[in-house]
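Engineer: I am attaching a structure below and will ask some questions about it afterwards.
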Amino acid sequence: MSNLLAIETAILNNPIVKQGLQLAEVNKLRKAVVVSEKKTFSDTLKLGVIMGQGLEWFKSEDSQAIFNEEGVTWTTEEFAMKVFGYGKSFFHRVIKASKVNEEIVEKFLTKCDELEAQGKSVQRGVDALIKFAKAVEENTTEGGEEGEGEGDAEVETREETLLTLAFKGKLVGQENNVSVRLNLNGDCKSTNTKAEIELAIAMLQNAILNKFN
Amino acid sequence: MTNGITYNLDTEEKNYGRNRYNDLIPRGVVHSYHNKPEPLMLHKGAKKMDVANLKSAQKSSLLIMNGNDIDSRFTIGFEVEKTNLSRGAVRVYELFCGFERDGSCGYEAVTHVLPLLPASTWRTKVFDMMHKANKIIDDSYSRSDNRCGGHITMGVEGMSGDEIREAVRKFSGIVYALFRYRFKSGYCRYNARLEKANEWSTPYDERIQHENGWHNKYQVGLAKDNTFEFRLPSKFESVKQMMRRYELMFELLNVSVNKPNTPYKTFMKNIRPLIVSMYEGDEVKADKVIALSYDMQDFITNGRDSDTIRKFVRAH
């Protein structure tokens, strides 16, 4: 929960609201120790289910009656941020991922395990699952029965990162921070300009020279 | 998500203000009668995200674009009269411009000039200020009795107080019905049909004979330069009650200014859920008050007498 007004904190302490939004479970899942990416992904899907149920409850007449009575008006975007701490777009993507058929989720996870066993890096995230599920759906033959012409899809692997550079340029009066990632295959990813990156590198070079002279 | 407008106490003007003598005085203490600091204009300076859920038609009729800022066309202010103020509760609040002693009741806490809005993020922020001022508003902390009133002052950008009076009198029957017992008070019973003042130059036989007589101040609803003050509403006893009255005044001003041809019956149908909420879900009580309001409205608009009018408006 983030950026709450006093009146919003009060309504989230209302027992009916707490129950309707399953806030105890939400807090438990959000606090869960991230032991591995696998655990985070599985908890995120569980959270997605609760978030979907919470959104449905929030939009119900009963819930709106309570919110109106207490004087709190939230857009869906505010609901997502204030209750779950997620921006609207990611909030909806997590809910969408949580609704993916269990079999397809299992397929996705199996593929991830296979690729990891081959030494590849995979993204076990909601966006990757949604993409995988969409591809499975598209690849399913028309009128196909179970087991016959069943859709399949690939899981995107993540390129190994060789080097990262993060420069908080705004702290020294620059317009932008700088973020650069160099992958193992030589692919360089950044949204900064060449000049911005060169400045960051120059600062690093200066610092190294000073340290070792 | 950006933060939008924020109501806090982070600047000097929110903690201190000028009184009518132009002295800079603190907002968080009780001053003598008519000596409180001037209010801030809190109806100005909202951002896009504060009104994101409003429909286009609402935005165009209720908001004023002021560069990157958004101002509210409608404003409202409340006077919270109490016989006692809770120990330790007198301090600076985001909601109140100041406190002063009041001759009729004891003490008065007066709000800043607030935006008057439909359900929105911005309105939630206004209600949040009320919520935080609970210890002044709620009777369980700061007591009141029947000497205390709950005056409500409204403004509309571009309209004089008299123009607002003329607009709202077509729909004020419900206000009369809700606060019908307040006609007993000598502080709010004059000019009971909300008619305009007589001009000095008007010949005697053409002058309006104001119902319950005329008083320059103690009217049911008082038109000032550019605001209109309902003096009839009773004392404030809780934050929820203040919120419901805020909502009612919005509906009243919105229909009066933006949809003046709405039949009174339609207006009552639209606000019935709000009236039921004001009576904590008691539909019988709410419907009784709504029924009374028709007699009240007929009296205001047409001067028609009835048992209701004799019993409540003219009885004193």
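Each protein sequence line maps, in turn, to chains A and B. Residue 56 in our numbering sits at position 56 of the first sequence; the count goes up by one each step and never skips. Residue 462 in our numbering sits at position 249 of the second sequence; the count goes up by one each step and never skips. All C-beta atoms, glycine included, are put in the ideal place defined by N, C-alpha and C.
Closer than 8 Å by beta-carbon distance: list the chain B residues that pair up with Val72 (chain A), in chain order.
Structural biologist: Numbered from 1 along the first sequence, position 72 holds the residue referred to as residue 72 (chain A). Result: Thr337, Phe340.
Engineer: Measuring straight from C-alpha to C-alpha, what distance separates Glu148 (chain A) and Lys107 (chain A)?
Structural biologist: As a first step, residue 148 (chain A) is located in the first sequence; it is residue number 148 there, counting from the start. As a first step, residue 107 (chain A) is located in the first sequence; it is residue number 107 there, counting from the start. For Glu148 (chain A), the predicted structure reports a pLDDT of 47, less than 50, and the residue's modelled location is therefore unreliable. A value from the coordinates is still provided. So the two alpha carbons sit approximately 16 Å from each other.
Engineer: Apart from the five residues just before and just after Lys348 (chain B), which ones in its own chain have a Cβ nearer than 6 Å to its Cβ?
Structural biologist: Position 135 of the second sequence, counted from the first residue, corresponds to residue 348 (chain B). Result list for Lys348 (chain B): Ser299, Ala302, Tyr354, in chain order.
Engineer: Is Glu61 (chain A) close to chain B? Criterion is C-beta to C-beta, closer than 8 Å.
Structural biologist: Position 61 of the first sequence, counting from 1, holds the residue named residue 61 (chain A). Answer no: the Cβ-Cβ gap between Glu61 (chain A) and chain B never drops below 8 Å.
Engineer: Suppose only complete runs of 4+ residues qualify. What are the alpha helix (DSSP H) ranges in the stretch 239-309 of chain B, listed by chain order?
Structural biologist: The qualifying runs are 269-275.
Engineer: Does the beta carbon of Leu5 (chain A) sit closer than 8 Å to a beta carbon anywhere in chain B?
Structural biologist: As a first step, residue 5 (chain A) is located in the first sequence; it is residue number 5 there, counting from the start. Interface residue, yes.
Engineer: Interface residues of chain B around Glu69 (chain A) at Cβ under 8 Å?
Structural biologist: On the first sequence, position 69 is the one that residue 69 (chain A) refers to. Simply Lys453, Ser490.
Engineer: Any contact of the stretch 241-256 of chain B with the stretch 410-427 of chain B, i.e. 3+ C-beta pairs under 8 Å?
Structural biologist: Touching, no.
Engineer: Hey, quick one: how far does the alpha helix (DSSP H) through Ser469 (chain B) stretch, first residue to last?
Structural biologist: Looking up residue 469 (chain B) in the second sequence gives position 256. Here the alpha helix (DSSP H) through Ser469 (chain B) covers 452-471.
Engineer: Identify each residue in the stretch 265-286 of chain B for which the Cβ-Cβ distance to at least one residue of chain A is less than 7 Å, and report them in chain order.
Structural biologist: Within the stretch 265-286 of chain B, the residues whose Cβ lies closer than 7 Å to some Cβ of chain A are Ala265, Asn266, listed in chain order.
Engineer: At a CB-CB cut-off below 7 Å, which residues of chain A make contact with His344 (chain B)?
Structural biologist: Numbered from 1 along the second sequence, position 131 holds the residue referred to as residue 344 (chain B). Ala6, Ile7, Ala10, listed in chain order.
Engineer: Are there three or more Cβ pairs, one per stretch, closer than 8 Å when the stretch 319-329 of chain B is compared with the stretch 416-432 of chain B?
Structural biologist: Touching, no, given that fewer than three Cβ pairs across the two stretches are closer than 8 Å.
Engineer: Compare the C-beta of Met254 (chain B) against all C-beta atoms of chain A and say whether one is closer than 8 Å.
Structural biologist: Sequence index remark: in the second sequence, residue 254 (chain B) carries index 41 (1-based). No - not a single Cβ of chain A is within 8 Å of the one on Met254 (chain B).
Engineer: At a Cβ threshold of 8 Å, is Met456 (chain B) touching chain A?
Structural biologist: The residue labelled residue 456 (chain B) in the question sits at position 243 within the second sequence. Yes, Met456 (chain B) counts as interfacial toward chain A.
Engineer: How about Thr140 (chain A): is its C-beta nearer than 8 Å to some C-beta of chain B?
Structural biologist: Position 140 of the first sequence, counting from 1, holds the residue named residue 140 (chain A). Chain B, which has no Cβ nearer than 8 Å to the Cβ of Thr140 (chain A), makes this no.
Engineer: Near Tyr403 (chain B), what residues of its chain come up, given a Cβ to Cβ distance below 8 Å and the 5 sequence neighbours on each side ignored?
Structural biologist: Stepping through the second sequence from its first residue, residue 403 (chain B) is reached at position 190. Here the set comprises His423, Asn425, Gly426, Trp427, His428, Tyr431, Gln432, Val433.
Engineer: According to DSSP, is Ile377 (chain B) part of a helix, a strand, or is it coil?
Structural biologist: Mapped onto the second sequence, residue 377 (chain B) falls at position 164. Helix.
Engineer: If you check the beta carbons only, do Ile11 (chain A) and Val72 (chain A) fall under 8 Å apart?
Structural biologist: Residue mapping note: residue 11 (chain A) aligns to position 11 of the first sequence, counting from 1. Residue mapping note: residue 72 (chain A) aligns to position 72 of the first sequence, counting from 1. Contact: yes.
Engineer: DSSP state of Ser42 (chain A), grouped into three classes?
Structural biologist: Position 42 of the first sequence, counted from the first residue, corresponds to residue 42 (chain A). If DSSP states are grouped into helix, strand and coil, Ser42 (chain A) belongs with the helices.
Engineer: How about Thr164 (chain A): is its C-beta nearer than 8 Å to some C-beta of chain B?
Structural biologist: The residue you call residue 164 (chain A) lines up with position 164 of the first sequence. Not closer than 8 Å to any Cβ of chain B, the Cβ of Thr164 (chain A) fails to qualify, so no.
Engineer: Near Gly144 (chain A), which residues of its chain fall below 6 Å by C-beta distance, leaving aside the five closest residues on each side in sequence?
Structural biologist: Translated into positions along the first sequence, residue 144 (chain A) becomes position 144. Residue placement at Gly144 (chain A) cannot be trusted, given a pLDDT of 49 that sits under 50; the coordinates are not used to answer.
Engineer: Let me make sure I understand the geometry here. Which of B:Leu275, B:Cys318, B:Lys295, B:Arg393 has the alpha-carbon closest to that of Arg286 (chain B)?
Structural biologist: The residue you call residue 286 (chain B) lines up with position 73 of the second sequence. When each option's Cα is compared against that of Arg286 (chain B), the closest is B:Leu275.
Engineer: Using the beta-carbon of each residue, which ones in chain C are nearer than 8 Å to Thr75 (chain A)?
Structural biologist: Among the chains of the structure shown, chain C does not appear; the protein chains present are A and B.
Engineer: Give me the DSSP bridge partner(s) of Gly434 (chain B).
Structural biologist: Sequence index remark: in the second sequence, residue 434 (chain B) carries index 221 (1-based). Paired residues: B:Phe443.
Engineer: What do you get for Gln64 (chain A), buried or exposed, if any count of 16 or more other CB atoms within 10 angstroms of its CB means buried?
Structural biologist: Numbered from its first residue, the first sequence carries residue 64 (chain A) at position 64. The residue is exposed, with fewer than 16 neighbouring Cβ atoms inside 10 Å.
Engineer: Check this for me: beta carbons of Ile104 (chain A) and Val136 (chain A), under 8 Å apart or not?
Structural biologist: Here residue 104 (chain A) is taken as the residue at index 104 of the first sequence, counted from 1. Here residue 136 (chain A) is taken as the residue at index 136 of the first sequence, counted from 1. Contact flag set, yes.
Engineer: Taking the straight line between their C-alpha atoms, what separation do you get for Glu160 (chain A) and Lys18 (chain A)?
Structural biologist: The residue you call residue 160 (chain A) lines up with position 160 of the first sequence. The residue you call residue 18 (chain A) lines up with position 18 of the first sequence. Taking the straight line from one Cα to the other gives about 43 Å.
Engineer: Near Phe340 (chain B), what residues of its chain come up, given a Cβ to Cβ distance below 7 Å and the 5 sequence neighbours on each side ignored?
Structural biologist: For the purposes of this step, residue 340 (chain B) is identified with residue 127 of the second sequence, where counting begins at 1. Only Met456 meet the Cβ criterion.
Engineer: Around the C-beta of Leu204 (chain A), are 16 or more other C-beta atoms found within 10 angstroms, so that it is buried, or is it exposed?
Structural biologist: As a position in the first sequence, residue 204 (chain A) is number 204, starting the count at 1. The residue is exposed, with fewer than 16 neighbouring Cβ atoms inside 10 Å.
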